[in-house]
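A.B. asks: Sequences listed follow chains A and B, in order. 168 is the number that the working numbering gives the last residue of the first sequence; the numbers go up by one with no jumps. 1263 is the number that the working numbering gives the last residue of the second sequence; the numbers go up by one with no jumps. Glycine included, C-beta positions come from ideal geometry on N, C-alpha and C. For clarity, every value in this text was computed on a predicted model and none was experimentally measured.
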Amino acid sequence: MNNLIIKNIVLFIGLVLIQVLILNNINLFEYLNPYIYIIFVIFYPLRKEKGSFMFLSFLLGLAIDFFSNSGGINAAATLFIAYIRLPLLSKILNKTDFDFQTFNIRSISFGKSFSFILILTFIHHFILFGLEYFSFNSFETIFIKTLLSTLFTTATIFIVIILFSKKK
Amino acid sequence: MQQIIRFIEKYRYFLLFLMLEIVALFFTIQSHSYHKSKFINSANAVTGGFYKRVNGINEFIHLKSENLRLSKENTRLKNNLLIENHVIDTLNQFLRYQYISAKVYNNNYTKRNNYLTINKGLNDGVDTEMAVVNSKGIIGTTNSVSGNYATVISILNNYSYINAKLKNNNHFGTLSWDGKNYKTVQLNDIPRQAIFKIGDTIVTGGKSIIFPEGILIGTIKDFEQNRLINITLFNDMSALGNIQVITNLHKEEIQQLEATNNE
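1) According to DSSP, is Ala-1043 of chain B part of a helix, a strand, or is it coil?
2) Compare the C-alpha of Leu-1018 of chain B against each of A:Tyr-31, A:Ile-36, A:Ile-84 and name the closest.
3) If we cut at 8 Å on Cβ distances, does Lys-91 of chain A have a partner in chain B?
4) Should Tyr-1149 of chain B be labelled buried (16 or more other beta-carbon atoms within 10 Å of its own) or exposed?
5) Please list the partners that Ser-113 of chain A has in chain B, where partner means a Cβ-to-Cβ separation under 9 Å.
6) Answer with yes or no whether the minimum CB distance from Leu-1122 of chain B to chain A is below 8 Å.
7) Check for me: the beta strand (DSSP E) holding Ala-1131 of chain B runs from which residue to which?
8) Is there a Cβ from chain B that is less than 8 Å from the Cβ of Thr-146 of chain A?
9) Hey, which unbroken runs of the alpha helix (DSSP H) at 4 residues or more fall wholly within the region 92-153 of chain A?
10) What residue range is occupied by the uninterrupted alpha helix (DSSP H) comprising Leu-17 of chain A?
11) Using a Cβ-Cβ cut-off of less than 8 Å, list which residues of the region 65-91 of chain A approach chain B; keep chain order.
12) Could you check if Asp-1127 of chain B is buried or exposed, using at least 16 other CB atoms within 10 Å of its CB as the buried criterion?
13) Lys-1251 of chain B versus chain A: which residues are under 8 Å apart at the beta carbon?
14) Note down the Cα distance separating Asn-1119 of chain B from Phe-1050 of chain B, rounded to an integer number of angstroms.
15) Can you check the region 1150-1229 of chain B for any alpha helix (DSSP H) of at least 4 residues that lies completely inside it and give the ranges in chain order?
16) Applying a beta-carbon distance threshold of less than 9 Å, which residues of chain B neighbour Gly-51 of chain A?
17) Which class does Arg-1006 of chain B belong to by DSSP, given the choice of helix, strand or coil?
18) With DSSP as the reference, label Ile-1138 of chain B as helix, strand or coil.
19) May I ask you to list, following chain order, the residues of the region 129-140 of chain A that have a beta carbon less than 7 Å from some beta carbon of chain B?
20) Determine which residues share a DSSP beta bridge with Leu-32 of chain A and list them.
21) Which partner residues of Val-1245 of chain B appear in the DSSP bridge assignment?
22) With a cut-off of 8 Å, does the C-beta of Leu-23 of chain A fall near any C-beta of chain B?
23) Quick one: which chain A residues come within Cβ less than 8 Å of Tyr-1161 of chain B?
24) Does any residue of chain B have a CB that is nearer than 8 Å to the CB of Tyr-31 of chain A?
25) Any beta carbon from chain B within less than 8 Å of Asn-27 of chain A's own beta carbon?
26) Just how far apart, CA to CA, sit Glu-1258 of chain B and Ile-6 of chain A?
27) Just checking my contact of Ser-1065 of chain B with Ala-1239 of chain B at CB under 8 Å: how many whole Å lie between their CB atoms?
28) Determine whether the beta carbon atoms of Val-1133 of chain B and Thr-1141 of chain B lie at a separation below 8 Å.
29) Just verifying my parser: in three-state terms, what is the DSSP assignment at Tyr-1105 of chain B?
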């Protein structure tokens, strides 16, 4: 139990530092960055208490905001996807109740996990860029940036999943 | 009472979600208003300290070009010393601006609202609303300040409005950024009678108490019929190293004078 808490703290701090010190400086094609820290929301165990999970997601976003001077945009976006994670998952899997104890994102089929991660990433990025630009005039820019960043982030998340999945 | 408790219990996750989301939106809206001290900024000991550690690598990569830029600046200043007949000003009566050298620890240029973190703060005499430049030209104005660090509103920011003018005549306008390309900024509100052409130099105007007059900004790239002028920046905002913060020594005097005028 304690082991798991320490593991999560290390993951939390590690994700923040990797995001702000490395990934925020990638600037592919001069303006694309992968926001890989949302992997925390995707992988956080379902069986855990929902309130603390939402609070942790909020804190994670806020930590990113502290480093990047962006007000509360990352916190708002991350909290939102943390809140809709469970309803979205049950929608995709066509089940209202599934086994919380043993559920693992790697255990479901590739198509389903792909669409789950893609939708979650898209919503996160849309809120993120929407709040960043904060005007209806730049809707086109927001949409294009959301779309391209979503592809970049999803690709990076899948690379991480393949790299760090345990071999059978 | 019982019903209220039951209601809270039933919707407790939703209420928690709502509460935290409101907090996040509050911070966001606060960051969109210019004249407010912000709680969420990278000018604190923790974030500043992390950026300080990592900056070494970045500095090493740009060492060559940075050295070249500094040596060019030195040459230019030495040439100026030879040309100008200067008076030795022991009483500092001609001194209006003072420069504080600093380093950029963190630099964004891809977002809509870009901020820099620099390694000088209140202890070094850096305060809010001071001009930030380097030898190639304008960079921004300081925003939040802590003991040892400060954040800078880059000119690549929706909330940066800087007084700028054409170098060859004194018509002035406001500098802003449309958020598209980090190499070009926009100049608005240039009067109709002003004559200019592509390639003209734009410098800061003397109408603000933050910037000294005549700091380089860029050259005119193109302009539209409604007089929105696109400007190619002299500065490469993606690679900033050594910078200077400018203190206006007459700032308080000017502000006091303007305050008595308004009464």
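C.D. replies: Short version:
1) Residue state, collapsed to three classes: coil.
2) From the listed residues A:Tyr-31, A:Ile-36, A:Ile-84, the smallest Cα separation to Leu-1018 of chain B is found for A:Ile-84.
3) Taking Cβ atoms only, chain B never reaches closer than 8 Å to Lys-91 of chain A, which makes this a no.
4) With a threshold of 16 other beta carbon atoms within 10 Å, Tyr-1149 of chain B meets it and is buried.
5) The premise fails here: Ser-113 of chain A is roughly 24 Å from chain B at the closest Cβ pair, so nothing lies under 9 Å.
6) Put simply, the CB of Leu-1122 of chain B is far from chain A, with every gap to its CB atoms at 8 Å or more.
7) Unbroken beta strand (DSSP E) run through Ala-1131 of chain B: 1131-1134.
8) So no, Thr-146 of chain A is outside the interface.
9) 110-133, all fully within the region 92-153 of chain A.
10) Note, Leu-17 of chain A: alpha helix (DSSP H), 2-17.
11) Cβ contacts with chain B come from Asp-65, Phe-66, Phe-67, Ser-68, Asn-69, Ser-70, Gly-71, Gly-72, Ile-73, Ala-75, Ala-76, Leu-79, Phe-80, Tyr-83.
12) Asp-1127 of chain B is exposed by the Cβ-count criterion.
13) Ordered by position in chain A, no residue passes the 8 Å Cβ test against Lys-1251 of chain B, which lies about 25 Å from the chain.
14) Rounded to whole angstroms, Asn-1119 of chain B and Phe-1050 of chain B show a C-alpha spacing of 12 Å.
15) None, since the region 1150-1229 of chain B contains no complete alpha helix (DSSP H) of that length.
16) Those are Arg-1012, Tyr-1013, Leu-1016, listed as they occur along chain B.
17) Three-state result, Arg-1006 of chain B: helix.
18) DSSP, reduced to helix, strand and coil, places Ile-1138 of chain B within a strand of the structure shown.
19) In summary, the residues of the region 129-140 of chain A whose CB is separated from some CB of chain B by less than 7 Å are Leu-131, Glu-132, Tyr-133, Phe-134, Ser-138, in the order they occur in the chain.
20) Looking at the DSSP assignment, Leu-32 of chain A forms a beta bridge with A:Leu-28.
21) Per DSSP, B:Ile-1100, B:Val-1132.
22) Judged by the 8 Å Cβ criterion, Leu-23 of chain A is not in contact with chain B.
23) The premise fails here: Tyr-1161 of chain B is roughly 16 Å from chain A at the closest Cβ pair, so nothing lies under 8 Å.
24) Interface flag for Tyr-31 of chain A against chain B is set, since a Cβ pair is found closer than 8 Å.
25) Nearest CB-CB separation between Asn-27 of chain A and chain B: below the 8 Å threshold.
26) Taking C-alpha positions only, Glu-1258 of chain B is separated from Ile-6 of chain A by approximately 58 Å.
27) Under the criterion of beta carbons closer than 8 Å, Ser-1065 of chain B and Ala-1239 of chain B qualify as touching, at roughly 7 Å.
28) No, Cβ-Cβ distance for Val-1133 of chain B and Thr-1141 of chain B is not below 8 Å.
29) In this structure, Tyr-1105 of chain B counts as strand in the three-state DSSP scheme.
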